[in-house]
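Comments concern the structure below.
Number of protein chains: 2
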Amino acid sequence: MEIINRSVAIKDHVEGAPEESDFELRTDVITAELTPGSNDVLVKNLYLSIDPYQLNRMKKYSSSHETSNYAAPLVPGKTIDGYGVGRVVASAKAGFEKGDLVAGVIGWEEYTLVHEGTMLNKLSTTEFPLSYHVGILGFSGLTAYGGFYNLCKPKNGEKVFVSAASGSVGNVVGQYAKLFGCYVIGCAGTKQKVELLKNKLGFDDAFNYKEESDLKSTLKRYFPDGIDIYFDNVGGEMLEAAVSNMNLFGRIAVCGVISEYADAKVRASPNMLDVVYKRITIQGFLAGDFISQYADFFALTVGYLRSRKLHALEDISIGIESIPSAFAGLFHGDNIGKKMVQVAEE
Amino acid sequence: MEIINRSVAIKDHVEGAPEESDFELRTDVITAELTPGSNDVLVKNLYLSIDPYQLNRMKKYSSSHETSNYAAPLVPGKTIDGYGVGRVVASAKAGFEKGDLVAGVIGWEEYTLVHEGTMLNKLSTTEFPLSYHVGILGFSGLTAYGGFYNLCKPKNGEKVFVSAASGSVGNVVGQYAKLFGCYVIGCAGTKQKVELLKNKLGFDDAFNYKEESDLKSTLKRYFPDGIDIYFDNVGGEMLEAAVSNMNLFGRIAVCGVISEYADAKVRASPNMLDVVYKRITIQGFLAGDFISQYADFFALTVGYLRSRKLHALEDISIGIESIPSAFAGLFHGDNIGKKMVQVAEE
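So the protein sequences, as listed, match chains A and B.
Those letters in the first sequence? Residues 1 to 346, per our numbering, in order.
Those letters in the second sequence? Residues 1001 to 1346, per our numbering, in order.
Spelled out as structure tokens, the structure:
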């Protein structure tokens, strides 16, 4: 059986902020017949994760390319791989049957032939919307969990600041922190996002960083007693301002530096004198570092979701052709919550 | 009995690199009669510790002022306090007798009246030169110990880079690291220092950073397999170069940022993309954080000294009047090893 498969690739390496025109939508014909013994699984993709880090993979060179599987450089003209959820169409692999719902590394395309050695797991529950397995129960949630509980080492009552707080990871970090018993303030880039953080996600306070002229003073105003934990999704000037406002033995988990992805000239220059005297820890991480904690993460998060203490904030575009605008929009702050593209109806 | 006491103070707040003319030498007459019940101890000072961090205390404003006792701002015209070793001249405090050798917070003066609540301990051994208790067995040694063993979390065979490696702390860190089983390279600012690191202190290699035009390439050349641990004493451009050359899960202990003390405009802009993807930890610390490990530090270090595996690198000026030049010289790289001033003969 032959299947029409539409897929998305970069036309050329992308430097700077991405634009829709950087991408091409291709149409190929693939076969649904798998080679016996190949261990291949053909997946019909349903929801694809659209994440800022992919921009680093699109660059001709980034120091990140050498550091992990997630960061491998993309090849122009070749389908972009990424995390998502789909349904098995055909399987040559034991344990996977036609109709199974799976999550793993698939592609920015309608169908992915997943080869042996690529992460692919059957969903353990159908209790929640499928999209949850891409976002809050997927890598975004695990990123939030790993960074907050492991790197930030929270204590009850501590003051937590989250940047890009309405983003895929930030919103979950803020909610975890509130549920843990911290005082949490987030920043975002629109009035609507700020309202949402305060009114829907239970942040103690939130502000629009675009309305602030001196972030150091802003943070001083919002945290008169200082910041104990900063969960950094943006880098740049916000990181500098946070370092200035950290308390003794403060912890900074560096999850992402989106302000620096699209412009390599943007660099944070945190005051290292503060780092020394305030004994600040600044630590980078990737979600993959916490795969061994997945069961704990899943149990906690599912529990919170069941009791409706945790809100899954999602921003879903429809159709494979919406991928370029969905991705480019990440860098204009278009998304509210976890950005995904639904490629097909369930 | 009256005693002539000469002391050193700043004339005014010091901004930028210190000069000898920033200091004044004053002569006062003090009494050796202590008030009974005061718990005061009068100490004749012998060796004073001369450390770069004092410059931060001399500034009119530094964010460090609010962070710890060590960092309290200095008052122009008032004797500068600091770590040192002396002999008790008179005591109104139980447990301290005339003639006892002590180490603690005394002053840049010939005699210090140490009040209750100020750190003062009797020396536990006279096995070593008194100066050792200021340097390698004092706070410099404890700083090296605390930073290297606690923050750097060394593993056998790891690649260690130490900046200001012939300085008071750096030289001890490098020696600890070699004794631990690491591969150690240091940098310093003169040919003589570089030779000393290689030939006398057993560093695997060393280089003169002043002869290098591109520190990032320099470190790449010296560490073709990357850096696992960077013990940072300087900040600035060297920190940026180290971050670029760190391995996955590398650790950076930020002990000091001497390049930024004398010029607040100097700032490191480490590539945070590297921090994220390489999961680098950058952590500041002060020796005082490791006071609880003092016994372990002392036992290890004394053992190494006894077996002559560890070399005490000292740079001692003579006489109270040499303090201004000794201090200013720290910022010109004049000292080789732990800078001290011997105020009086033992």
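Note that beta-carbon positions come from the ideal geometry of N, C-alpha and C, so glycine has one too.
Taking 7 Å as the CB threshold, residue 1330 (chain B) stays off the interface with chain A.
Excluding residues up to 5 positions away in sequence, 1088, 1089, 1090, 1091 lie with their Cβ nearer than 7 Å to the Cβ of residue 1098 (chain B) in the same chain. Around residue 1163 (chain B), no beta-carbon contact reaches into chain A at under 8 Å, the shortest distance being about 12 Å. Our two residues, residue 1110 (chain B) and residue 1009 (chain B), have alpha carbons roughly 13 Å apart in a direct line. Only those residues of the segment 1268-1287 of chain B whose C-beta falls short of 9 Å from the nearest C-beta of chain A are listed: 1268, 1269, 1270, 1271, 1272, 1273, 1274, 1275, 1276, 1277, 1278, 1279, 1280, 1281, 1282, 1283, 1284, 1285, 1286. Closest in C-alpha terms to residue 219 (chain A), from the list A:211, A:201, A:241, comes A:241. Residue 164 (chain A) sits in coil when the DSSP states are folded into three classes, being neither helix nor strand. Below the 9 Å Cβ cutoff, chain A contributes no neighbours of residue 1201 (chain B), its closest Cβ being approximately 24 Å away. The contact set of residue 289 (chain A) on chain B, defined by CB atoms closer than 7 Å, consists of 1279 in chain order.
With fewer than 16 other Cβ atoms inside 10 Å of its own Cβ, residue 1038 (chain B) counts as exposed. Residue 1344 (chain B) has no beta-bridge partner at all, per DSSP.
Runs of the beta strand (DSSP E) spanning 3 or more residues and lying entirely within the segment 172-244 of chain A occur at 183-188, 205-208, 227-232, in chain order. At a C-beta separation below 7 Å, residue 1235 (chain B) has these neighbours in chain A: 272. Proximity of residue 1064 (chain B) to chain A, defined by a Cβ-Cβ separation below 7 Å, is satisfied.
Cβ contact annotation for residue 1147 (chain B) (same chain, cutoff 6 Å, sequence separation greater than five): 1253, 1255, 1285, in chain order. Chain order gives the chain A residues near residue 1256 (chain B) as 276, where near means a beta carbon separation below 8 Å.
Residue 302 (chain A) carries a helical assignment under DSSP once its states are collapsed to helix, strand and coil.
Counting other Cβ atoms within 10 Å of its Cβ, residue 121 (chain A) stays below 16 and is therefore classed as exposed. Taking C-beta atoms as the reference points, residue 1165 (chain B) and residue 1189 (chain B) fail to come closer than 7 Å. Annotated as proximal: residue 142 (chain A) and residue 290 (chain A), with beta-carbon spacing under 7 Å.
In the structure shown, residue 121 (chain A) falls within a strand segment according to DSSP collapsed to helix, strand and coil.
Taking a Cβ-Cβ cut-off of 9 Å, the neighbours of residue 1056 (chain B) in chain A comprise 273, 277, given in sequence order. When secondary structure is reduced to three states using DSSP, residue 1269 (chain B) falls in the coil class, being assigned neither helix nor strand. Residue 31 (chain A) is positioned such that its CB atom lies closer than 7 Å to that of residue 2 (chain A). Neighbourhood of residue 1049 (chain B) in chain A, by CB distance below 7 Å: empty, with the nearest CB roughly 18 Å away.
For the pair residue 1202 (chain B) and residue 173 (chain A), the Cα-to-Cα distance works out to about 47 Å. Contiguous beta strand (DSSP E) elements confined to the segment 1106-1151 of chain B occur at 1111-1114, 1120-1122, taking only those with 3 or more residues. Taking a cut-off of 8 Å for Cβ pairs, the segment 1200-1214 of chain B and the segment 1117-1134 of chain B do not touch, as fewer than three such pairs fall below it. Taking a Cβ-Cβ threshold of 9 Å, the residues of chain A close to residue 1071 (chain B) are 277, in chain order. Judged by DSSP in its simplified three-state form, residue 1062 (chain B) adopts coil rather than helix or strand.
Here the C-alpha atom of residue 156 (chain A) lies approximately 15 Å from the C-alpha atom of residue 249 (chain A). Minimum Cα-Cα distance from residue 217 (chain A) among the listed residues A:259, A:54, A:35, A:243 corresponds to A:243. In this structure, the straight-line span from the alpha carbon of residue 237 (chain A) to that of residue 1054 (chain B) is close to 29 Å. When rounded, the separation of the alpha-carbon atoms in residue 1264 (chain B) and residue 1184 (chain B) is 30 Å.
DSSP, reduced to helix, strand and coil, places residue 247 (chain A) within a strand of the structure shown.
According to the DSSP assignment, residue 1291 (chain B) belongs to no beta strand (DSSP E), since it is labelled neither H nor E.
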